[in-house]
Amino acid sequence: MTLELSRLTGQMQAMGKEAAARQRLHTELVALARQWLDRHAEQAHQLRQPAQHIHAAIPTDEPIDISHPPPAPPERFTVIAADGSQIQPDRHGAALYYLVNVGSLVYRHGSGDTPEARSEPTLGYAETDVYENGMLVTGNLLDVRRDLAEIAHLADLCTAERVPPPSDGESNPIVALVDGTLLLWVLEERSREWQQTKVMAYLDQLIRIRESGASIAAFTSRPRRTEVTRLLHLANVGGEKDRALEEPNPLERLPDRALFRATLPPGARSALFVSPSPVNETYYRPSGHTVHFFYLNLAKKEEDPVIARIELPAWVAQDAEQVTLVHGAILAQSCITGDYPYALARADELAFISGPERDTLEQMVSTALLRAGVVPTLSPKAFYKTLTRSGRRRSRTI
């Protein structure tokens, strides 16, 4: 064993003391945040414009402290979820390629049907696949391709699931779910043209989902955003954006979920807010897809709150029936799994690429190369790692 764990004992003890101190401070900050929320609850209109300049949550027309109780979901509704994973190109491997695998689940509540599970792997191996504008498709470049593959697969499923209304008048609404965010994250150092091309490709899929009649939402478990607590700091300095930027914000590191753990009853959701992301303002808003969000307490008991962040495009957020549908559908799904939507959990499971599967894929790549008359070779670095990590070492005679 090369990791000398005994040398970490003192650091572990110090970490425990630091965590206890942070917890005490955390309790004090939550109490302060609740005071500010109560004091400024009716100031949504005054805060809307300055919030846009300090990257704070942008209020809508609701009081910012409002709590919406859990709705009853429809007797029949369908949840479609998609999630993805990837294998990065490895310049030390036998061949240069990447893999994107998208898993999905169609769950028809109230039908008695077995959920439909599937996965769709895509291999990128041509030079036009693995390079983009002279750069190897790795990191954020591959993340973007995975996100686009997820949303396109979801749009395909929503379009296929769309059926004419039943003759008995009973509706079967569809809720589409993705994990994380609806905002396509692209590196700012990329050109404006590149960013626009990628984001518009994502928005095209949102349009397909809207046209299918489905409502779409993104689900984030244990969110770390501090946009609402930053809004409270703005409110506490009188809505003056310059003061909010200059004066220390005691809530700067307090995540929004800490505030809503203390204020949302079980099953309830918060007010709707607009995401302050620059991508939202630059690309989503002009296209009619402005991303809104709310926080949701998935717990069933008062003493054990579990807060998630739910994002919605404008055409869902501005329709009260769709918001209620998403709210109720996520609660119903989370009851199956326990504080996380079942369909998303299964989609993640279907997308996951295990270690043995990666090994088998490598063997398939090597076999394909050999059949084509190409001898697969690893780089010296990769070859040495395969020896040392399997417990074998090469020895040299000097």
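Position 206 of the sequence shown, counted from 1, bears residue number 1518 in the working numbering, the numbering being contiguous throughout.
Beta carbons: idealized from backbone N, C-alpha and C, even for Gly.
Just so it is clear, the structure is predicted and the values come from calculations on it, not from any experiment.
In the structure shown, what three-state DSSP assignment does residue i receive?
i	result
Asn1592	helix
Tyr1652	coil
Phe1572	helix
Ser1423	coil
Arg1555	helix
Leu1637	helix
Gln1335	helix
His1380	strand
Ser1678	helix
Ser1479	Note that Ser1479 scores a pLDDT of 47, beneath 50, so its modelled location is shaky; the value from the coordinates is reported in the next line. Three-state result, Ser1479: coil.
Ala1394	strand
Val1628	helix
Ala1684	coil
Val1342	helix
Leu1469	helix
Thr1541	helix
Asn1561	coil
Gly1667	helix
Thr1321	helix
Who are residue i's beta bridge partners in DSSP?
i	result
Ser1527	Val1487
Leu1435	Leu1411
Tyr1607	Arg1621
Arg1360	Looking at the DSSP assignment, Arg1360 forms no beta bridge with any residue, so it has no partner.
Pro1371	Phe1585
Arg1536	Paired residue(s): none; Arg1536 is not in a bridge.
Arg1430	Ser1416
Phe1389	His1421
Tyr1443	Leu1448
Ile1399	Leu1411
Between the Cα of residue i and those of the options, spot the shortest distance and give me the residue it belongs to.
i	options	result
Ile1528	Arg1542, Arg1536, Trp1506, Thr1602	Thr1602
Leu1448	Val1418, Ala1429, Ala1464, Tyr1410	Tyr1410
Glu1674	Leu1690, Thr1372, Tyr1654	Leu1690
Glu1614	Trp1627, Gly1640, Thr1575	Thr1575
Pro1617	Ala1632, Glu1633, Gly1579	Gly1579
Leu1543	Ser1483, Glu1354, Arg1319, Leu1315	Glu1354
Tyr1654	Pro1562, Ala1429, Leu1315	Ala1429
Val1511	Asn1445, Pro1562, Thr1594, Gly1446	Thr1594
Pro1385	Val1687, Glu1633, Arg1555	Glu1633
Ser1483	Ser1503, Pro1590, Leu1637	Leu1637
Leu1662	Arg1420, Pro1371, Lys1329, Pro1427	Pro1427
Arg1339	Arg1403, Pro1375, Arg1573	Note that residue 1339 is Thr in the sequence shown here, rather than Arg. The residue with the shortest Cα to Cα distance from Thr1339 is Arg1573.
Ser1589	Asp1395, Trp1497, Ser1599, Phe1606	Trp1497
Throw me the rounded Cβ distance for the residue i and residue j pair, which I believe falls under 8 angstroms.
i	j	result
Val1635	Leu1624	7 angstroms
Ala1620	Pro1535	7 angstroms
His1465	Ser1416	6 angstroms
Thr1434	Ala1461	7 angstroms
Leu1557	Ile1366	6 angstroms
Ala1345	Leu1563	6 angstroms
Is the beta carbon of residue i less than 7 angstroms from the beta carbon of residue j?
i	j	result
Val1487	Val1391	yes
Asp1377	Leu1349	yes
His1639	Pro1383	yes
Lys1612	Pro1362	no
Leu1546	Leu1359	yes
Ser1533	Tyr1652	yes
Ile1665	Asn1413	yes
Ala1438	Ile1521	no
Glu1539	Ala1368	yes
Quick check: is the beta carbon of residue i nearer than 7 angstroms to any beta carbon in chain C?
i	result
Ile1378	In summary, chain C is missing from the structure at hand, where a single protein chain is found.
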